[in-house]
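Heads up, the sequence shown stops at 135 in UniProt numbering, and the numbers go up one at a time, no gaps.
Ideal Cβ placement from N, Cα and C applies to all residues, glycine included.
Keep in mind it's a predicted model, so treat the numbers as computed, not measured.
Heads up: the structure comes next, in structure tokens.
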Amino acid sequence: MIAAAWLFGVGGAILVGIGGFFRLARPALLPEDLRYLRRTPDEIDAAVPSLRGWLRLVFIVLGGYAVATGTLTIYLAATDIRNAESSAVAVLAVTGASSIGVMALVNFALHSTFRWPLSAAAALWIVATLMAVVS
């Protein structure tokens, strides 16, 4: 159970890092966003002048949720998993699937540069879940 707790903790730290990136450094539109939209930055700015500012606010909120999810994940990994709480494992499995799992899948759909690192983080979460269930 201790190895699973550590892996969940690392997964939580990754979510905190992603959230920090979204809140502090993520541009409103990444190159893969522009490819998906099939528009140039100038076309988007001309069509929807306030879009970048609005997206900046959306990513600040999304980043806050990622930091919150990561923080709660770290807490559960440090407490309930180590105490062999099976309900905590179930909660963490759903948390991983609905956060980093969905993020990885969407990044594959977008052919994002981040799809492989996010997939590695999702795989880490799967391994942690399997280790916790088997222990």
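Check: Looking at the secondary structure, which residues open and close the alpha helix (DSSP H) in which residue 68 lies?; Outcome: 51-78
Check: Can you find the residues in the same chain that come closer than 8 angstroms, C-beta to C-beta, to residue 108, ignoring five residues on each side of it along the sequence?; Outcome: 115, 119
Check: Where does residue 107 fall in DSSP's three states?; Outcome: helix
Check: Ends of the alpha helix (DSSP H) at residue 34?; Outcome: 31-37
Check: Under 8 angstroms: do the region 14-32 and the region 58-66 share three or more Cβ pairs, one atom per stretch?; Outcome: yes
Check: How big is the Cα-Cα spacing for residue 32 and residue 106?; Outcome: 12 angstroms
Check: Starting from residue 128, trace the alpha helix (DSSP H) in both directions and tell me its first and last residue.; Outcome: 115-134
Check: Classify residue 112 as helix, strand or coil using the three-state DSSP reduction.; Outcome: coil
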